[in-house]
Each structure stands twice: as structure tokens, then as C-alpha cells.
């Protein structure tokens, strides 16, 4: 299904007056407002193909109905999101959950919705039905060369799919690790993983990047073979200039200072980008900004400052992707909330008075530094984000529109109540 | 399949000389050794019916073959464990994964293996195929009375199964909680849970206990409705004398001092017992004693001291159960390792010089207190545990026996390679 | 030194136009704005007497100059804060750091600044020069009755000081605990503490409350004798209706859900109030709202909803106090930032659409529940807080005023550069 | 005071029979026992000069009496430890707490006790009385060049002291960090620190090493400038071949897998060595092995395996030092307990059947891998450690000897009850 232009227009008309009042109030205090609006419009967050269905835990998965039954419908769902918020113009494919059987037609379909293909993701953490070797004891770090070979070839195959679609990055997350002390020789696991990565790296097309994700722990684990940013960076440095470290917000030990990690990876020129989500206890994959929105703002503050210092393009020089699980929310509503939270944090970070902050830092004026950050954070920037959306052809309030126009009900009508999307 | 007596005898004969040398060496320093051996023999750890199969995560489940296909085969598996270590003479049933269709024949079968029925467990964290209402948003705390009623009735049905088998406790764990701020009114959730528990409590037979398990968090959660021992104790106190707090070692926030919780629950007369496992990061459900065996010893130290102070019977006055997940190990081998770790910790705790410890505590002699605890912990008590096993008819080295006599291979031959037990 | 009215007026005049523009914009969307403003004005946060000086760690204390040299100057400092923000009209005394030698004159001085005496705090975590027994191994839980007696009498003496000044609560925090396994018998420590508390409780005047603070850990500790809300509540229930549990935001294990604890303590009628601060890793005693302002908002959301449900008066039925350490900031500026963060969170919580939230909860509409909370949180409520301050006679921007009028410089001139306030 | 040879002999005579019985029992199962004994004898743990006095927290310091009043007495104290356990033959000096006024005489004194000078430690986390610039806002990372210069020169001065005494490493720990978001530009702090380190590195004598310690957090902090092993390794790699990463066991986020970090640093050839201690919640600086002795064993398991793989000498190729705080124990007794715990873990690690472990790992035989590790860990190796001590001229039971011969009482007699050693 598609969002009709006239519906969006009618909706916006109804809300425009209140919006304009708010926008004008906020905009009055923002220097070079059009520049900021432009930056917000340029910023696109990729939606992973597995995020369109209801997520689950080991206890079960409670589907809400109307889930996309194939890749085409997933693209259509992202089309809905993008039509509403104009900030979701990219899809990140997961292979083999979403294999594009006919690349040309898939590309054409995506183009219709103004959606490009972001990083492609491989999967060596689950056994597929027809697979020769099991990943029970890992993939790229496996002691058995045959298993490693299978995993390497899978990754190379994923690159091929990506090339066909116009992606330019392979995003790699391993569940490789150990459950018990003694199970693994850590050095051996590292070296085997490096060997495997080198083979994959060698298969990367020229303009491609390799994103190496790290994760501190998985349930039922004792160690993970790429456990923190230090390990990921070791790999990236040993591999070469195309390899980068990917940060997933939920993949850290308790209390980690993620914003500092982001700053240092930027300094080293080795930050790949982000998997956005939020968490209370572990890798909870909750809606972005639902638990600690100030942390998200601090991360964006480092991004804006650090990317500007390196002359990087905010929109295109790093990979931005959501990686959350929607277990009790409608996935599309959840994604709208996540993208909104990201745009708000980005807008606030753009409003930080960088010069004043530098002066405060130079003077060890800690009170002023905090005042400056919180001045930006405490601003109500929703009207700015809405304005960017409006100018780009979206709707003023995506979630409200989605509900008012009963999108989910229409999807259920089209697809049925019992559909279950591929994924977790 | 059964462990044949003559096999056990042959195995023990082969190892007896080395064992006796070790046992005599250790026993020489233990006052009243037979009393200690008797205590070790009396101590039985219940095996949950879901633990006989390979466990899994949301990514998948890699079965190892020969898994029990029904309750009868699960009892047979526990029979193997118990024949080997003589410390696993109880089963804890999980309903509806393991419904005893014919209670009388199931009881007779268990009796054959010298296995009694420990606490029965209900399940309101998964939807069953035929279920009228979904537990997507919780069970006993649900805002909808009909859902609560369904969950209450399920628990009462579980009690009925337990009565038929001779159990005397209902063990209750809820996955009730919330994923996001605002989703739940905490007080409302608490009160509805209390109402539901009161109805279940009212259905408890006279000599029964209600075990209320708590858990700090689940993946993808923001709150759990029975989140810590304080909340569980609030429920237990409001319910009455049959209600107790169950401690699962993995269900705590990072760094929690579990041994202190155990001591205080004993002080309040409200400790139900344990779900044993170990963990590195969260609720990892790893083999008991595989990550932090000293913590396990400290817990047993509190148990022995606290139960003695109240004149409690170690073997019978609390519930002892393993609750671990075997994802990369043969479940039976893993259970043998877990029971061994428990027996070692218990033996060490029995060897603590309580009087000397009390004197050290009275004098604030912190160095001596540590010396006393570590003197017991550093002893090699494996010969004591083996001797208890030997005298009770078990084998000297259960895991070695299991491998030497190729038990798993036989089970695979009997049951097939592709069987998958019910459970997680 | 005093804030002169004419200075405040001049400052406000200069900023009034911008303020009014902002206030009118926000107020237009707030139903019953004067009621909200009134609530903000009524809400007063107590400043502890030890917070007026620079804090320190075990490595040292880097004083910034102009620190108050006695209780009179501390009251004067709070007078400055209160004159600026009109929300700091209370002082919480710490004995023996700040013994009021002449209660009548101290009361008169405080009255001059419109400051009342909040809970009085005892100290049994440090040895005083003239003290007969050491607290090296604890105070109220000590194995030696003489030490306990000394600590009990100190607390009773603190109550006497409080009575003279018009306080009506004793706030009690113990550093009692153990550094090593075996050092303490947990039950014994609990029971001795209870005995000691009962003697203190018996000495409470009629209208007084006893606040029992808990803390999960201290550096160099293995256990704390009042370690979590569950233990504190056990004490409070055993003591009687005047005993309550005090929540210090920094006193929890990593990832604890503090807002749920708050809700349940309110449900039990046993919440004493708060020690406000913020933290990244442990008990960091950082400026309120400097690390996780959304958590602070969620806590206030529970407070407002829970107190309303019990018909409690927000301003007077619980104790509100800051407990932070200012190691790298000017203490007065830091306190202004903390109070501002509290007022903002309170204002946002007052703006939550409770009815809509209840409906969403009743429908398990998790998306709507989040939208409702975040709608309130994302509002820029600074103009509301400023308006409340303005109407109450304060200044529009306290920190800016403080700097513009060089308050610290004046204090240094009056008191000298090398003064060091009593406290940590 | 000195331990008299005849006292040690008398003590050992009294205990020798029981010891020999135990030793022979254990040794019978150890292949090449003399090789193992030799390794244990060669292994020496440095005692830091600040560890001989009672430690403290920000609340106070409760001295136990007889503390060393100067460096000579500190060396004498280590002489006592070394005479008793023959494993403490090194001192790690802290400047400026323990400046060797006359290097020649200090060296001679240490030689008398068979004590060598291990790494020297600088201190830029406290202001000294005569210091031109304050470290309130950091040292090597400070925004002010003059402060950095002062800190650099202090470090170079520390190297000079070390050269005079025969040390060959500078151990550097910074309390540099920030308390609040915004206070620091992370990249700037990193780069200024690197600049400063480069100047210090340039001043290192030829055979010297630079140990770069990391720490995840300090109380009252928001970030630390060398926060984890990844950051320390970045510095070490940018500095050059003499720079290494030092691991302090207490300096990690909750649940960190330290043994994996150790393994990878060894792989990279960048492990400097250790600061040993134990902890329950944060950087608790508790006695080594008092909280989680299995973790200590796992770390030594990685060390033995990893050092052997690189052909390293266990005793001399890494730095081994205790870094604990003795707040409620006699410091000398505490140090004896710590060294004993280290020797036990090392002995157990030496007993791991490496070949069998490699085979198990090669076969993904997780059960066997755990059995192999735990077989070594569960052995009672105390007789082996005692035998090594005995053969080297020490006493069989150091703590028992210390108490029986009333060493502390004699020290108090010599030095007085109210002495307070320099240090924290």
C-alpha cells in the first residue's frame, strides 16, 4: 500500500497552523535556520529488512498482523515510513532472510519509493536448512577450516548480492564466542577470525567498506570473539583502509562511555557508523531514545563535532542504521518513533554552540560547558524536525497520521493477520 | 537405557585404589567424617524436566542427538544421572512441556529410578497453541481480567498435576514486566499480581509451598513485575506462611551480593530454595560453578550456617534445583558437572570451622575470618564427594564413566539423532 | 553577603521580554497554568550543610575559594541560592560537621533568609577526635555493645539538635558493612542494627520521621548492612509507622530501575524522600540531571502519579534534598544547576497527560504510552520554571546572574581564598 | 625488625611432618615436580611502597599502629614479608610519597633483604604542597601547557630516581578525566596526553619500559582519558616498542572478561604486567583472590599459556605487583594473603594439562575443556607453594608465623601506635 499525497496534504493542512506557530517560535533563535533544515533533510536512516516484522525472544514471538511476507512488501513498508518522515530512504538487507531473487526489479521497486540500498548484512549465527556445516561453535573463528570456508563464502555471496543492488558496504556481526572458560584459545580465535576476514576483505569491490561490529556479550556466553571496540579496531587496522568499526549502542558492558568511544574512533578515521537502539540492562534492542535520550544526544554531539573537524559529510560519510526489535509495538510505529528520536538528537547536536563550548573547555569552566550542552538539549526541536519533514514532502506527525489513516489495518487487510516476516 | 550395576562395579574397581589413597588423605583431617558423608548422601538436587534437551537462544538451537522424546525418556535420563552420582534423585516438572498423561505409571517409573517429584513449574511466558488469550502483555499482572483468570487457572491445574505425582510445591516464575517506560503502572501491576497470587495461594493443598521467583531483567525489557528479592518477599509476606522467595543465581543485577540476600531470607523464614546455575554477564544459565565457584561456596556457607541456626534439615527444608541451559554441551554431561560443583561447594561449606569463624567475627579479626573460609575452600574435597557417591551406590567419576560407556551414543541409537526435547 | 533586590530587578528587567515571549508560547498549551506555577513555587529542595564547600575524593580536595567557614556562612550561602531560585528554602544539617552552638540565633538567621530546617543527619562513618570508640568496624551494627551505644547516643543527640531548630526528621545513613567474605555474620549485623535503630526510634519526638537510607556498595566494600530498598523496608516495617525508606539516586547496582522502587515504596506508604544527584558508574554524586535527565523525569512521573493517588502534598509529604559533591565546579553554581534540573523534571512530570496514559496502559498501547511521556519530556519547560521563580521573587537565570554579579568573587573577598568548609 | 632464622627453623620444625605428608600426597600426581617448585620460587611479586600502611577512603583512615615512618622502614617491612614467603623480593616505589634521599644507602638496605627495585610510580593525581600548578583538571591531558610540562617533568624526575635504584620501568597511572559531559574534548584530551607521553617516552633509558595503566572510572567521574585497554594500547602503539599496557584487575567495567584482554595483549606483544587485587563492585582494591579466585586462576592460565607460546620467562618478562588497600586488615597480613593467593593461582595454572586442553579445544569438546581447567583448580596446591617457600628459606605458614611471633606488636613497640605511613 502507498501513502497518498492528498491524504498527507489534508493531514498537514489540518495541523499546519499550530506547527507554524511552534516552528517560528523556535526558529527565531536559530542562526542560519535553512542550513539546519537542509542538514536534517539530508540525514537518512537505513531500516534493516528484518525490522519490519515483530521481534521475539527465546520464549516466543507475538506477531501483530499484517507483517510483510517477502522482500517486496518489506520495501513497501519502508516506503510508508519514508513517505511519512522523509528520513528513512534506505534499506539494509539481511542475507539469507531477504535474498533479492531479481535484483533489477527489486532495485526498480526501491527507486519508486526513493529508497537506496545501504550496507548488506551476512548471517553466520544461524544454521540454514541446506547448510553443510553447523555454526554451533562459531563461524569465522571456527577451529575447522571447512566451517570457516563456508562462512567466508557466504559473506562473499552477500557482497555479490550487494553489488547487484548498489550497496557499498558489508556489515558483519559474528555470534562467535565461547560459553565456558577453556572452550576457546582466545589468541587462536582471534587469528582465525583475522584470516577469515582477510579473505572477505580481499573480495570487497573498490569503493566498498567492511563494517566490523563488536558486542560485549550474548546470553549464555562467556566470551565474544569481537568483544569491544578495541578488538574491532585491531581487526580493522590489520585489514586495511576499507575496514571500519561499527558501533551498536546496545553492545557494551554496563556504564560504558559510548560517546568517548565514538570520538576516538572518529579520531582514528575508523568509525563505520551506527546501529541505533536503546537499552536498560543489556542488548535490549529497544526503541531509539526510549531509555536514555541524553546519551543519544551526547553521541550526536561527538559525531557532529568530530565529523566537522574532519570535514566529513554528516549524511553520507558514515552508515546510519536502526537495529531494534519490536516485540510489543507495531514495528512501523516503533520505527517512526526511533527515527524521530534520532532526528531530535541530531537537531539538538547541531544547535550546540561549539565555539562557546570550546572556550569553556579551554578555561576548564565545567559549569558553562554543561550549560551549553543542556541549553541545546532542553530546546524543543520537534518543530524543526517537523519542518524539515514538511519541506521534504512528509507529514507533520508521522505516528498520528499512521493511526488516523489506519495503515496497519489496511496492511492486515492486504496481507492477513497471521503473516510472520522472516527474521528473528 | 539403564546403567548396569556390573558396569559401575567394574569402573569403580578400576579406580578404587587411587580414590582410597585420596580419600584417606583428606578424611584424616575431617572430624566426624561419617556425619559429613551422610549429609552429602542426603543432599539431592532436582533436575528440571526441560534440562534434558539442548537449550537454545533466539538465534537457534543446535541439538546434539538422542534427546528424550517424552516424559518417560526424561525420567530415564535423570535415572542415568542419579545412578551415576546418587545426588539427582528428584525431578521438577514443567507444565505444559511435560504433562504426565498417566500419573500412576509415571510415578511408578520414577520410583524405579528412586526419583521423587520436586516442585512443579507453571508456564505463563509462552502462548500455547490452543490458548484463548495471549500472554504478550503478561499473565498474572495483565490489565485484562480474562487473561489473569486464564493464567490463574493454569497454575491451579499445575498444582493438580503436582498433587497426583506427590509434589509439594508450586514454583512460579513470571516473565511479566514491561519493555518501555509508561507501558505499565507499577503499582497497578503489583496489585493485580497480588490478587492473582492470592487466588493461586488459596488453591494450595495443606502441606504445599508456593515458590515466588524474582528476576531483575529479561532481554528487551524495561521492568519486571517481580524484579528483586524485596518485591518477592513483599508478595510472600502478603500471601501468608506458605509463600516463599525462590533465588535463581542468575536473576540479579551486576555485582549483587547474593549470599547476603540468602542470609536475610533465611532470617525472615522466607527462603524457598534455589535455582542453581552460573553466569558471566546476565542470566546466562551456565553450568553451576563454571564461572564463579567461590561465590557458590559463600552461598552454601550462608545456607549451612543459617539453616543450622534455625535447626533446619539441609536436605529437605529447602528446594534445590538446577536451572541451566546446555547449548554447547551434552545436557547429561553438563548436569553431571553442575551437580558435582554443587556437592563440592556444599562439602566445603560443611568443613568451615564455624566456631573459629564466630570468634574471628566477634573480634573483628578480618584476616582470620578470611583464612578460615579459604582453608575450607582450598581443600580438595572431591574425594569426599566421590566417597559419598560410592557408598550410595554411584560411580567414582560420573563424567568419565558416561564417556567410557558411551551413554550418549546408546541414547542416539535408541532415540535417533534428530530428536528434540520439549522446552526452550 | 546578600543578593540585593535592585540587582535582581535590574537583571530581570533586562531579560523579561525574551522570557515573556517564551513563557507565553509554552503556557498557551498548558491547561490551568497558574496551578502548575503554584506547584512549582511550593516545591522546595533542601540543601545539605556539607554541600556548600568543594567536595573531594581520597586523592584530595581542590578548593575553589570563598568557602563558608561556619554554619552561619553556610546559611548565608543557601540564602544566596534561595534568593536566586526561590526553590532552595531549606537546609539539612549534618552533625557534627555543623553543630548549631546557639540554636536561637541560628534559627533567626535562617528565618531571615526564609530557610527552614529540613531533616538532620547523623554521622557514624567517621571517627571524631574526642570519640571513645572507633567506627572502623561499623557503628549501629558493631559487635561491641559499647560502640553501638555510642552511635545510638550520637543519633539521639542529633535529634535534640534538630528539635531545637524545628526539624522533624532524622536522616540516617550508615557506612556499616564488611570488606571481605566472612568478616560479618549478615543476620547478626541486621539484628544488631535493628536493636540500635529501635533505641533511636524510641527517642523520636511525636511528629518526627526516621529516614533510613540504603546503599548498594561503598568503595573497598564487600557488603553493606543496609544494602538495598528491600533491607531498608524490612527495617522500616519492623520499627513502626515513623520509619521510612530514603532513596539516594546513586546508591544502586548498575541498571537498577529506580522509578519502580519509588512507585512500590509509595504504594507501601514507606517512601521517606530523596537524596538527589546523578551518576555514570557508581555513587558519583554528580549534579542532578547531568547524566540521565530522562531517568529523573521518569522518577518524578512516578512521584506525581503515586502521590496524587494517595492524596499527598507534593511539597511537604516527602523529603527532598540534594546530595551531591562538587569537586570541579563552584558549589553554588552546581547547586543552582541541580535545583534547576529538579524543577524541570518536576514541571515535565506535572505536564504528563495522566488520563491518556492510563487509557494507553489499559489498552496495552505501548506506542501511545511512550508518545505521552515523551510529549511532556520534550517540551521546553524552562520558561515555566523561570516564571515560577520570577513570581516568587527570584531571578530569571540564576547561574547567569551569579556570574554577572560576581558572587563568588565577593565571597572570596569576604572570606578569603584558602577557606575550606567542613564536610567531605 | 628482622625475622630470625632460628625462629623460622623452630616454626618449620613444628609443622614439617604435617607438611611433608601433604606435599608428598600432592606431589605424587605432579610430573616434574622440581621444575614446578623452581618456577614457584622464581616468581616474585613486587610490593608497592604505599601498601605498607593502612589505606583509607574519603571518610577516613583507621590506622592499626606500627606503620613504617619512612622508606627505610617500608623496606624493612617488605623484608619481613620476603623472609616469610620468599616471594616478595621486590619493591615498587611511589614518588613523591617515598623519595629515596640517599639512593646508595637505600639500595644497600634493600640488598640486605634480597629486595630489588621494580617499576617506579609517578603521581600526578594529587597536588603537592610546593607545586606551581594544580592537577585539579588533570595532568598530562591538561589544556594548559604549563601544567602538562610540570607533570612531564615530574615523570622524568621519577625516572631519574628509578635509574639510581636500578629500576627498569616507569609505571604511569593518570586520574585524568572529566566529571561531566562537555567538560572535555575527548580527542583533544587524547592528543595532548599522547604529546605528553611522547616527551616522557623520549626520556626513558635504553632498557626501560613504560607501563600505561588504564582505568574505566573513578568515583565522581564521567570519563577517564585512558579508560580501557583499547585506549592504552592505542597509546602504546603510537609511542613505540618500549611502551606497554598495564592491567589492574579492578579497573574494568562490570563483568569484563579480563582474561581475554590479557590473552590479546600478550598476542600483540604489548602486555606490561599486572596490578593485582580483587573487587566486588568497582575498584575495591581488596586482597587478591578474596572475591573471585577462579577469575585469578583463569588469568594465570592465559598468562602461562600465552607466555609459553611466546617463549617468555614467567618470572622476569612481565611486571607483577600488588595494588590493594588494607583498610580493615593489618597491611602485612593482608599482603601475605595476597601473595599466597597469587602463588596458588600460578601453581594451579602450571598444573593445567595444556596438551589435553588443546585437543579438547580442537574438538569443541567443551565439557572436557572445563574438566581439565577445574581439575587443576580443584587441586589443593597449598603444599606445593609451601614447599617452594620452604626450600627457598621461608616459613611454612607465613600468617601463622606472623601472629605467633607477634610481629605487629614488636613493630608497634619499635615505632609507636600512632604512626601513619605516607600514601592514600
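Chains as they are written, first to last, in full-length UniProt numbering: chain A, 1 to 424; chain B, 1 to 424; chain C, 1 to 424; chain D, 1 to 424. Backbone N, C-alpha and C define an ideal beta-carbon position, used for all residues, glycine too. It should be emphasised that the depicted structure is a prediction, and the values quoted were computed from it without experimental measurement.
Inset, instruction - Tell whether a beta-carbon distance below 9 Å holds between residue 228(C) and residue 244(C). - result: 9 Å or more divides the Cβ of residue 228(C) from the Cβ of residue 244(C).
Inset, instruction - For residue 32(C), count neighbouring Cβ atoms within 10 angstroms of its own Cβ and tell me buried if that reaches 16, exposed if not. - result: exposed
Legend entry - Three-state class that DSSP yields for residue 47(B) in the structure shown: strand
Legend entry - For residue 97(B), three-class secondary structure by DSSP: In this structure, residue 97(B) counts as coil in the three-state DSSP scheme.
Inset, instruction - Measure from the alpha carbon of residue 157(C) to the alpha carbon of each residue in 188(C), 99(C) and 301(C), then state which is nearest. - result: 99(C)
Legend entry - Strand pairing of residue 243(B), partner residues [DSSP]: 210(B)
Legend entry - Residues from the stretch 316-328 of chain A in contact with chain B, defined by Cβ distance under 7 Å: 325, 327 and 328
Inset, instruction - Apply the 10 Å Cβ neighbour rule to residue 5(A) and answer buried if 16 or more other Cβ atoms are within range, or exposed otherwise. - result: Exposed, because fewer than 16 other Cβ atoms sit within 10 Å of the Cβ of residue 5(A).
Legend entry - Cβ-Cβ separation, residue 256(A) to residue 286(A) (assumed contact under 8 Å), whole Å: Their Cβ separation, rounded to whole angstroms, is 17 Å, which puts residue 286(A) and residue 256(A) out of contact at 8 Å.
Inset, instruction - Return the chain-ordered list of same chain residues with a C-beta closer than 8 Å to the C-beta of residue 126(A), the five sequence neighbours on each side being excluded. - result: 135
Legend entry - With 16 other Cβ atoms within 10 Å as the buried cut-off, status of residue 187(A): With 16 or more other Cβ atoms within 10 Å, it is buried.
Legend entry - Residues that residue 92(C) contacts on chain D, provided the C-beta gap is smaller than 9 Å: Chain order gives no chain D residues near residue 92(C), where near means a beta carbon separation below 9 Å; the closest approach is about 18 Å.
Legend entry - Collapsed DSSP secondary structure at residue 90(A) in the structure displayed: Strand.
Legend entry - CA nearest to the CA of residue 341(C), picked from 132(C), 405(C), 296(C) and 306(C): 296(C)
Legend entry - Contacts of residue 488(A) in chain C (Cβ-Cβ under 8 Å): This structure gives no information on residue 488(A), because the portion of chain A shown stretches from 1 to 424.
Legend entry - Stretch pair the stretch 19-26 of chain A + the stretch 382-393 of chain A: three plus CB contacts closer than 8 Å: yes
Legend entry - contact_flag[the stretch 47-54 of chain C, the stretch 42-57 of chain D] where n(CB pairs < 8 Å) is 3 or more: no
Legend entry - Short Cβ contact (9 Å threshold) for residue 92(D) with residue 28(D): no
Inset, instruction - Report buried or exposed for residue 224(C), applying the criterion of at least 16 other Cβ atoms within 10 angstroms of its Cβ. - result: buried
Inset, instruction - Flag this pair as yes or no: are the beta carbons of residue 195(C) and residue 138(C) separated by less than 9 Å? - result: no
Inset, instruction - Assign residue 363(D) to buried or exposed, taking buried as 16 or more other Cβ atoms, counted over all protein chains shown, within 10 Å of its Cβ. - result: exposed
Legend entry - Beta-carbon proximity of residue 351(B) to residue 321(B), cut-off 9 Å: no
Inset, instruction - Please work out which residues of its chain come closer than 8 Å, Cβ to Cβ, to residue 420(D), disregarding the five sequence neighbours upstream and downstream, and give them in chain order. - result: 53, 54, 61, 63 and 67
Legend entry - residue 90(D) to residue 276(D) span [Cα, whole Å]: 14 Å
Legend entry - Coil, strand or helix - residue 290(A) by DSSP: coil
Legend entry - Residue nearest to residue 426(A) in terms of C-alpha spacing, selected from 35(A), 11(A) and 69(A): Nothing in the structure corresponds to residue 426(A), since chain A is present only between 1 and 424.
Inset, instruction - Taking residue 293(B) as the query, report the chain C residues whose CB atoms sit under 9 Å from its CB, ordered along the chain. - result: Within chain C, no residue comes near residue 293(B); the closest Cβ sits about 13 Å away, beyond 9 Å.
Legend entry - Short CB-CB distance (under 9 Å) between residue 379(C) and chain A: yes
Inset, instruction - Could you tell me which of 209(B), 165(B), 124(B) and 143(B) sits nearest to residue 152(B), measuring between CA atoms? - result: 124(B)
Inset, instruction - Please confirm if residue 21(D) has its CB atom under 9 Å from at least one CB of chain B. - result: yes
Inset, instruction - Taking residue 147(A) as the reference, give the member of 115(A), 193(A), 163(A) and 95(A) with the closest Cα. - result: 193(A)
Inset, instruction - Taking all protein chains shown into account, decide if residue 299(B) is buried (16 or more other Cβ within 10 angstroms of its Cβ) or exposed. - result: buried
Legend entry - Contacts around residue 30(C), its chain only, beta-carbon distance under 8 Å, and the 5 residues preceding and following it disregarded: 36, 351 and 384
Legend entry - Closest residue to residue 96(D) among 80(D), 65(D), 112(D) and 129(D) (Cα-Cα distance): The residue from 80(D), 65(D), 112(D) and 129(D) with its alpha-carbon nearest to that of residue 96(D) is 129(D).
Inset, instruction - For residue 422(B), return the contacting residues in chain G, with the cut-off set at a CB-CB distance below 7 Å. - result: The question asks about chain G, but that chain is absent: this structure's protein chains are A, B, C and D.
Legend entry - Any chain C beta carbon closer than 9 Å to residue 188(D): no
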